[in-house]
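Top to bottom, those sequences are chains A and B.
In this text, residue positions in the first sequence follow the working numbering: the first is 1052, and each later residue adds one.
In this text, residue positions in the second sequence follow the working numbering: the first is 6, and each later residue adds one.
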Amino acid sequence: MSRPTVNRRTFAKSIAKRIAAGSLAAGPLALGAPLVAAEPQKSATPPAPEQPPPPAELILQLLAQFYPRPLDEAQRAEIVRQIAEDQARSKILSGFALTNADEPAPVFAAWRSEG
Amino acid sequence: MAIAAETAWLSIRELGRKLRGKEFSAVELAEFFLDRIERHGKTFNAVVTVTRELALRQAAAADRDLAAGVDRGPLHGIPYGAKDLLATAGIPTSWGAAPLKDQVLDEDATVVRRLREAGAVLAVKLSMVEIAGGLGYEQAHASFTGPGLNPWNREAWSGGSSSGPGSAIAAGIVPFAIGSETWGSIMTPAGYCGVSGLRPTYGRVSRHGAMALSWTMDKLGPLARTADDCGLVLAAIAGADPADPSASERPYRYPAPEPLRPPFRLATLKGATDRVQPEVRANFEAALEALKPHATFTEIELPELPFNTVASTLIACEMAAAFEGLAINEQIWEMTAPEDRLGLHSSLAIPAKDYINAQRIRRKIQQAMDALLAPFDALVGPTLSTVAGPIAVNFREYHQAWPGKSSGGAENSSGIPAISVPNGFGERGLPTGLKFVGRAFEENRLLAIAAKYQQLTDWRQRRPDGL
């Protein structure tokens, strides 16, 4: 299996750049794609600064890159709703008082075959 | 010799006595139940595959063994059905999902093998909600075999995701069945269909060969006519398995060498009957009244912990890992329920730290639940807040008026056992259930209490009309 030509952090940065430039939804992003943001179109008056899309929308855009399939508006809205539910759960989990010593429930064990 | 129609409603022990008393052979018994499966199974959308040839072959072997003096125990010659997420070599195993309906696996699940070794006869693969409900279904129409219909009222749902096992036991088409529960999938059909259903402790039964929805939450267990039947089946399928590292080494024996005797120490949850249907409340109160001479009762409260958040996160993340392939190969879009085509996507993007934090909090939940239950033999409550809803009604809509106070998230994230037994009827002639929950690996306490309740009442002997 060949290794990707960009690492995870560089890849994430490139996605962020493309989201900011509004070019992410245009098509699937391959790991080998050039890591440059699309050049914004020149206009006579500078555009008003845009607010970034809400996090759930961003996650949906990311998912659309990894699992490309055209979604209608209702489907997009439903997935965004579910992402928002996951994020609400995430906040509850992050807000729970845990100490550094609190280990996960399943105990991992080293393993070797018989003999 | 024709077998009496009443035979369909006998317990495993009663069937075994008649088999050994030569009132019928194992082949005749298999034919009797196969005929019932073929006559009634499709009526309730309970059947995926009838394994007639295999059943008759296994039944003939059971007869030969008995004639040769080889008795494999209480399940010898007893027909059963397996939820269609259990692998059966050479026989389709669909996981309830349309795109997988022709899937054939090359090995029997450990549970199927153990039941064969115990002399049981596999008669049918039973229907289920697609992918065991992990995709977030909100309606009964969530299986390629159609919505599971309730034998007590065919306009009502059978419950899920073990919909086929629930219907099959209620309709008397098999004496027992194997279902699975990740979060509610044995308790719900047992409660809605008015049958006995046991969810064993996590790790009590090997899941090797069973569809994995959530490796740290999935449990396999029996649905049957009585609590005693559930114990007999559990004894045949429990135990360590090199093929499933989660399967516990703790030995399990049924009947218990030292059975639990009354008075039982029972706990009830504060507010257990708040916002449940009136019949659910009345039947629960009547059940406590029946148990009163044989038990002490203490009201307790669940600790303040994020049970449902933890359980939801664990299932979502493990499901995403198990079924990412459905999104990649786009089979997800062939699921029956429209909401199931969307339910996987958001789970694919949950951060790893959420999963790990859920597992960290889970340890605290386990400790808190064990401390809560330690002074008692069982926590008793209504299995569900309602009777089964109408087939066409969305679950969220149906439960809005009667949300109840469920401890299901706490139980399943802890991996502790529970049993549901019928305790009466509610609106539209549908059954209600009584649930006993215990500490890890204390199935025999639950079985003893549930069996006592079934001695004191006759709900388990009721049967639907026309069957």
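For glycine and all other residues, C-beta sits at the position ideal for the given N, C-alpha and C.
Computed from a predicted structure; not experimentally measured.
Do you know offhand how far residue i's Cα is from residue j's?
i                : j                : result
A114 of chain B  : G208 of chain B  : 15 Å
I174 of chain B  : P311 of chain B  : 35 Å
G46 of chain B   : S1141 of chain A : 43 Å
I396 of chain B  : D234 of chain B  : 30 Å
I1134 of chain A : L349 of chain B  : 11 Å
I17 of chain B   : S167 of chain B  : 20 Å
A72 of chain B   : A66 of chain B   : 10 Å
P1119 of chain A : I1130 of chain A : 14 Å
N417 of chain B  : W188 of chain B  : 6 Å
S352 of chain B  : R25 of chain B   : 52 Å
V126 of chain B  : E263 of chain B  : 30 Å
A342 of chain B  : A145 of chain B  : 9 Å
N288 of chain B  : S419 of chain B  : 27 Å
A1115 of chain A : L1109 of chain A : 10 Å
V368 of chain B  : E1154 of chain A : Just to set this straight, residue 368 of chain B is Arg in the shown sequence, not Val. C-alpha separation (whole angstroms): 8 Å.
A176 of chain B  : R467 of chain B  : 11 Å
E323 of chain B  : E335 of chain B  : 19 Å
A1156 of chain A : V179 of chain B  : 38 Å
K23 of chain B   : A13 of chain B   : 13 Å
T221 of chain B  : E186 of chain B  : 11 Å
How would you call residue i, buried or exposed, if buried means at least 16 neighbouring beta carbons within 10 angstroms?
i                : result
A456 of chain B  : buried
N399 of chain B  : exposed
A128 of chain B  : buried
Q459 of chain B  : buried
R1163 of chain A : exposed
E160 of chain B  : exposed
I454 of chain B  : buried
N1151 of chain A : exposed
Q364 of chain B  : buried
K358 of chain B  : exposed
G74 of chain B   : exposed
V109 of chain B  : exposed
Mind checking if residue i is an interface residue toward chain A, Cβ cutoff 8 Å exclusive?
i               : result
E263 of chain B : no
I366 of chain B : yes
R25 of chain B  : no
S201 of chain B : no
Q371 of chain B : yes
S317 of chain B : yes
L353 of chain B : yes
D233 of chain B : no
L378 of chain B : no
L333 of chain B : For the sequence presented, residue 333 of chain B should be read as Ile rather than Leu. At least one chain A Cβ lies under 8 Å of I333 of chain B.
A363 of chain B : yes
T221 of chain B : yes
L347 of chain B : yes
P408 of chain B : no
H350 of chain B : yes
Do residue j and residue i count as a contact pair if the criterion is CB distance below 8 Å?
i               : j                : result
I421 of chain B : G443 of chain B  : yes
L274 of chain B : E306 of chain B  : yes
A261 of chain B : V210 of chain B  : no
P205 of chain B : E448 of chain B  : yes
Y197 of chain B : N158 of chain B  : no
L389 of chain B : T150 of chain B  : no
A354 of chain B : L1113 of chain A : yes
P427 of chain B : V200 of chain B  : yes
I361 of chain B : A232 of chain B  : no
L225 of chain B : R212 of chain B  : yes
F269 of chain B : H299 of chain B  : yes
Y142 of chain B : E344 of chain B  : yes
At least one CB of chain B closer than 8 Å to the CB of residue i: is that the case?
i                : result
A1156 of chain A : yes
Q1133 of chain A : yes
Q1126 of chain A : yes
R1183 of chain A : Outside the displayed range of chain A (1052 to 1166) lies residue 1183 of chain A, so it cannot be described from this structure.
E1129 of chain A : yes
R1026 of chain A : Residue 1026 of chain A lies beyond the residue range present for chain A, which begins at 1052 and ends at 1166; the question has no answer from this structure.
D1123 of chain A : no
V1057 of chain A : Confidence is the limiting factor: at V1057 of chain A the pLDDT is only 48, short of 50, which leaves the residue's position unreliable and the question unanswerable from this model.
Since residue i and residue j are thought to touch, with beta carbons under 8 Å apart, how far apart are those beta carbons, to the nearest angstrom?
i               : j               : result
A277 of chain B : G429 of chain B : The Cβ separation is near 16 Å, so there is no contact.
G483 of chain B : G124 of chain B : No statement about residue 483 of chain B is possible, as the shown extent of chain B runs from 6 to 472 and does not include it.
G236 of chain B : L384 of chain B : About 19 Å separates the two Cβ atoms, so there is no contact after all.
L91 of chain B  : G139 of chain B : Not really, about 16 Å apart at Cβ, beyond 8 Å.
L331 of chain B : A393 of chain B : Incorrect: roughly 29 Å between the Cβ atoms, too far for contact.
D68 of chain B  : V32 of chain B  : 6 Å
V134 of chain B : G101 of chain B : 6 Å
A35 of chain B  : P79 of chain B  : No, A35 of chain B and P79 of chain B are not in contact; Cβ-Cβ is about 17 Å, not under 8 Å.
A87 of chain B  : I183 of chain B : 5 Å
Closer than 7 Å to a non-hydrogen atom of the ligand MG - does that hold for the CB of residue i?
i               : result
R230 of chain B : The model depicted lacks the ligand MG and carries no ligand whatsoever.
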